[in-house]
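A short write-up of the structure that comes next.
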Amino acid sequence: MSLTQEIEVFGQRWARKAAAKYRWQAAEAEYKKAESSLIAQIREAFINQLFLQKHRQALEAIAELDKETWGSAQKRFKEGAIRQINLDLIRIEYNRARAEFLRADSEWSSGRLGLNRLLGLSDPLAEIKLR
């Protein structure tokens, strides 16, 4: 039966502990960097989502007004108060406003999904109230 034990050379233990300390500090710094980056991404996504929500609401209001204008123009056309070309121009403007609203709505939905992903929500369609 024999018994063996490693004997460290002078300074070897200190070097091993110092290397472990530096690896720990490097890992901690990397974690803090990732955390700061995530916070910045969430902040940017949230601000962007606020903008997209306001933009979407404005375009929705414009599309609704154009829809009312289109309805009024149809009545006036039937009464003979406006010509066909004017009615067509109003219809084109309404369709353009509606397309812009749908595009803004799509961007808003995509932004919401991205923000939910960054927040780690299990349901990507979970509603977040933005004021």
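Under the numbering used here, think of the first position of the sequence shown as -18, with each following residue one higher.
Even glycine gets a Cβ: it sits at the ideal position worked out from N, Cα and C.
Just curious, the alpha helix (DSSP H) that residue i is in, first and last residue?
i	result
residue 0	-7 to 60
residue 99	65 to 100
Taking the alpha-carbon of residue i as reference, which of the options has the nearest alpha-carbon?
i	options	result
residue 70	82, 93, 55 and 90	55
residue 80	48, 30, 53 and -17	48
residue 73	11, 52, -13 and 29	52
residue 76	-8, 46 and 15	46
residue -8	0, -15 and -14	0
Skipping 5 residues on each side, what residues in its chain have a beta carbon closer than 8 angstroms to that of residue i?
i	result
residue 26	92, 95, 96 and 99
residue 63	54 and 57
residue 22	99
Given residue i, which residues of its chain have a CB within under 7 angstroms of its CB, disregarding the five upstream and five downstream residues?
i	result
residue 2	none
Might you give, ordered along the chain, the residues of its own chain that have their beta carbon closer than 6 angstroms to the beta carbon of residue i, omitting 5 neighbours on each side?
i	result
residue 40	81, 82 and 85
**Asked** Can you find at least 3 beta carbon pairs, one from the segment 23 to 37 and one from the segment 83 to 90, that sit closer than 8 angstroms?
**Response** They touch, by the three-pair rule.
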